[in-house]
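In this note's numbering, the protein residues as written are 50 to 546.
For reference, the structure is listed below as structure tokens.
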Amino acid sequence: LTMAATASTPLMEGTFGPEYGGKVPADAGYSVLPSFIFQSFVIFPIWVVLILPLMLIYKLIMTLLALCHAAKKPKPIDPFEGIDTQPAQSIQPVGERKYDFVLMGATGFTGQLAAEYIASEYGFAYKWAIAGRSTTKLAAVKRKIMEINQDTKSVDIIEANSANSTHMNDLSKCTKLVMTTVGPYAKYGSKLAAACARNGTHYCDITGEITWVRTVVENIDRTARTTGARIVFCCGHDSVPWDMAVHAASKAFEERKDRLVDIRFFDDIRALGSGGTIATLFNSFSVPLKPSKLGYDPMLMREKGDKSAYKIRTKLPTLCCGYNKEVRAYVGPFVMAPTNANVVRRSNALLQYSQKLKYYEVEKFPGCMTAWLSTLNFLWFKSSIEFPPFRLIHQCFLPVPGQGPPAEERKLGYMRVTGVGRSERGAKVIVRFGLTIDPGYEDTARILVESALCNISDEITKEGKSGVLTPACAFGSRLVSRLQEHGRGAHFSVTHV
Numbered sequence: 050l051t052m053a054a055t056a057s058t059p060l061m062e063g064t065f066g067p068e069y070g071g072k073v074p075a076d077a078g079y080s081v082l083p084s085f086i087f088q089s090f091v092i093f094p095i096w097v098v099l100i101l102p103l104m105l106i107y108k109l110i111m112t113l114l115a116l117c118h119a120a121k122k123p124k125p126i127d128p129f130e131g132i133d134t135q136p137a138q139s140i141q142p143v144g145e146r147k148y149d150f151v152l153m154g155a156t157g158f159t160g161q162l163a164a165e166y167i168a169s170e171y172g173f174a175y176k177w178a179i180a181g182r183s184t185t186k187l188a189a190v191k192r193k194i195m196e197i198n199q200d201t202k203s204v205d206i207i208e209a210n211s212a213n214s215t216h217m218n219d220l221s222k223c224t225k226l227v228m229t230t231v232g233p234y235a236k237y238g239s240k241l242a243a244a245c246a247r248n249g250t251h252y253c254d255i256t257g258e259i260t261w262v263r264t265v266v267e268n269i270d271r272t273a274r275t276t277g278a279r280i281v282f283c284c285g286h287d288s289v290p291w292d293m294a295v296h297a298a299s300k301a302f303e304e305r306k307d308r309l310v311d312i313r314f315f316d317d318i319r320a321l322g323s324g325g326t327i328a329t330l331f332n333s334f335s336v337p338l339k340p341s342k343l344g345y346d347p348m349l350m351r352e353k354g355d356k357s358a359y360k361i362r363t364k365l366p367t368l369c370c371g372y373n374k375e376v377r378a379y380v381g382p383f384v385m386a387p388t389n390a391n392v393v394r395r396s397n398a399l400l401q402y403s404q405k406l407k408y409y410e411v412e413k414f415p416g417c418m419t420a421w422l423s424t425l426n427f428l429w430f431k432s433s434i435e436f437p438p439f440r441l442i443h444q445c446f447l448p449v450p451g452q453g454p455p456a457e458e459r460k461l462g463y464m465r466v467t468g469v470g471r472s473e474r475g476a477k478v479i480v481r482f483g484l485t486i487d488p489g490y491e492d493t494a495r496i497l498v499e500s501a502l503c504n505i506s507d508e509i510t511k512e513g514k515s516g517v518l519t520p521a522c523a524f525g526s527r528l529v530s531r532l533q534e535h536g537r538g539a540h541f542s543v544t545h546v
């Protein structure tokens with residue numbers, strides 16, 4: 050949807066629709082005051098006086114031990130070490146396979162939400178199955194989705210362990226597509242991704258682990274292009290909204306014979322983390338992966354295997370917050386901005402938006418106290434990464450894998466992303482992407498499912514795209530249309546100003 054507006058239209062005064070009227074941040078107004086006082090005047094001084102000195106001493110000791118060779122740094126791992134990444138010798142045509150798709154990880158928190166969404170929205174209109182390690186837990190998921198829609202009694206259960214290459218190979222052979230919620234992906238996702246690439250099976254995931262995605266591109270992009278597989282990563286809250294918004298801004302300028310050169314995002318989000326997501330974050334920072342052998346960022350790899358000349362320059366605040374006159378609000382770092390920027394980096398490399406695209410992203414807050422608390426949360430998380438004893442304390446207050454925000458809290462969630470694009474000629478567009486429920490899990494499950502169904506649609510199949518792709522590269526605007534038409538809908542608009 051493309052609209053026009055007068056040049057005087059204030060940036061943040063555009064409407065997302067009446068359905069967003071009652072959506073407010075969790076820490077709006079004076080409700081944040083008790084937490085602000087406690088963290089600012091109790092926790093922060095303790096951190097300065099006790100944790101920070103201990104952390105510095107710990108870092109000094111570890112540095113000295115490393116110099117004396119008494120302590121070894123964690124050995125970087127290769128997620129694809131020992132995994133066959135070459136095309137299979139015999140590939141069954143996708144149209145002749147038993148299932149349209151298989152949901153891997155259906156017993157996990159997000160996996161269950163995905164299964165419930167499929168049952169409520171599609172029933173058994175597609176032939177599908179659920180897969181995971183425990184048939185007992187899978188049977189419980191099936192009973193639950195049958196309560197939603199009796200047609201799902203025909204859904205099969207497949208026992209499959211993501212650590213078992215044979216299981217993953219057999220799974221990928223029986224279906225057109227696998228959608229997976231099993232993370233951390235660097236630990237549990239490589240065998241499945243490789244099996245799909247080898248057997249020409251389409252694939253969608255919800256990873257936010259960009260370091261792992263780089264190894265996926267490097268190891269299986271060429272194989273997937275050979276077999277015709279579409280391996281599409283980050284098909285959830287991370288990073289569909291931003292990837293699609295940049296794609297839409299570029300298209301809007303192209304229609305006017307112009308080119309996108311700069312995009313600035315301001316995110317207004319209410320969402321909570323699950324135990325699985327938190328475990329993934331800690332795993333990503335504590336287990337280093339081997340650097341690429343390409344000599345350049347794999348996200349820039351083109352179809353021919355060489356380096357793309359289309360790059361981006363990012364500006365992502367870290368431990369700072371402040372008042373932004375452009376949006377008339379306090380802004381600060383958004384934890385998933387680096388992931389979003391790297392997804393856009395690959396989209397730009399393949400779709401060629403601009404050779405010097407500038408990318409900026411921050412989270413918008415309702416007040417200075419909330420912005421400061423967000424900065425403190427970044428500080429606590431960074432300290433947990435750098436100082437293991439503090440991590441143990443921090444984890445006592447965090448959910449464990451399998452736990453996530455309750456349904457009542459998810460209903461209060463929302464997402465309003467505003468992107469401001471500028472062109473070579475100085476023109477400007479505003480792209481808005483909105484969701485009316487928890488984007489991190491409830492709607493991530495929906496986005497994953499719709500991405501998967503888009504991936505096996507006739508329109509996408511006819512285009513013949515293959516390889517390790519971003520949502521924008523694989524689906525274009527078709528995914529946005531599906532999100533608007535199915536489930537709870539979505540707000541998406543492009544306004545020239």
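Each residue gets a CB set at the ideal place from its N, CA and C atoms; glycine is no exception.
Cutoff 7 Å; reference residue i; Cβ partners in own chain excluding five residues on either side
i: residue 129; result: 239, 243, 264, 268
i: residue 341; result: 263, 267, 347
i: residue 154; result: 160, 181, 229, 230, 231
i: residue 166; result: 494, 495, 498, 536
i: residue 183; result: 156
i: residue 175; result: 149, 150
i: residue 354; result: 271
i: residue 345; result: 356
Option in the options with minimal Cα separation from residue i
i: residue 372; options: 355, 420, 360; result: 420
i: residue 409; options: 307, 150, 301, 295; result: 295
i: residue 196; options: 164, 532, 207; result: 164
i: residue 209; options: 536, 179, 191; result: 179
i: residue 460; options: 364, 358, 320, 141; result: 320
i: residue 416; options: 76, 66, 64; result: 76
i: residue 435; options: 400, 111, 528; result: 111
i: residue 453; options: 487, 359, 429, 315; result: 487
i: residue 528; options: 375, 504, 134, 438; result: 504
i: residue 477; options: 204, 68, 235, 298; result: 298
i: residue 515; options: 194, 251, 90, 190; result: 251
i: residue 170; options: 531, 219, 541, 542; result: 531
i: residue 162; options: 137, 134, 138, 193; result: 193
i: residue 545; options: 511, 204, 472; result: 472
i: residue 131; options: 108, 214, 64; result: 214
i: residue 359; options: 138, 440, 407; result: 407
i: residue 206; options: 446, 247, 152; result: 152
i: residue 479; options: 95, 218, 247, 315; result: 315
i: residue 68; options: 506, 109, 465; result: 465
i: residue 395; options: 349, 127, 375; result: 349
i: residue 376; options: 218, 223, 467, 64; result: 467
Beta-carbon proximity check, residue i vs residue j, cutoff 8 Å
i: residue 469; j: residue 313; result: yes
i: residue 493; j: residue 463; result: no
i: residue 380; j: residue 427; result: no
i: residue 539; j: residue 483; result: yes
i: residue 474; j: residue 311; result: no
i: residue 249; j: residue 140; result: yes
i: residue 26; j: residue 501; result: Any property of residue 26 remains undetermined from this structure, which presents the chain solely from 50 to 546.
i: residue 430; j: residue 411; result: no
i: residue 291; j: residue 393; result: yes
i: residue 305; j: residue 276; result: no
i: residue 11; j: residue 352; result: The structure shown does not extend to residue 11, since the chain is modelled only from 50 through 546, so no value can be given for it.
i: residue 423; j: residue 369; result: no
i: residue 309; j: residue 402; result: yes
i: residue 543; j: residue 301; result: yes
Cβ neighbours of residue i in the same chain (closer than 6 Å, five flanking residues each side left out)
i: residue 200; result: 172, 173
i: residue 289; result: 496, 520
i: residue 378; result: 413
i: residue 198; result: 168, 172
i: residue 53; result: Per-residue confidence for residue 53 stands at a pLDDT of 43, beneath the threshold of 50, marking its modelled position as unreliable; no derived number is given.
i: residue 287; result: 257, 385, 388
Cutoff 8 Å; reference residue i; Cβ partners in own chain excluding five residues on either side
i: residue 525; result: 296
i: residue 418; result: 76, 81, 82, 85
i: residue 125; result: 337, 338, 339, 340
i: residue 293; result: 482, 520, 521, 526, 528, 529, 541
i: residue 534; result: none
i: residue 510; result: none
i: residue 66; result: 483, 540
Any chain D beta carbon closer than 8 Å to residue i
i: residue 248; result: No chain D appears in this structure, which consists of one protein chain only.
How do the stretch 274 to 282 and the stretch 378 to 388 stand: do at least 3 beta-carbon pairs fall below 8 Å, yes or no? no
May I have a chain-ordered list of the alpha helix (DSSP H) segments no shorter than 4 residues that lie completely inside the stretch 255 to 327? Counting only runs of 4 or more, we get 259 to 276, 289 to 303.
Do the stretch 141 to 151 and the stretch 109 to 116 meet, that is, are 3 or more Cβ pairs less than 8 Å apart? These segments do not touch.
Any chance the stretch 101 to 108 sits against the stretch 183 to 192, with 3 or more Cβ pairs inside 8 Å? no
Minimum length 4: unbroken alpha helix (DSSP H) runs contained in the stretch 153 to 224: Runs of the alpha helix (DSSP H) inside the stretch 153 to 224: 158 to 170, 184 to 197, 214 to 222.
Taking only runs of the alpha helix (DSSP H) that begin and end inside the stretch 403 to 485, which ones reach a length of at least 4 residues, in chain order? 417 to 435, 437 to 444, 456 to 461
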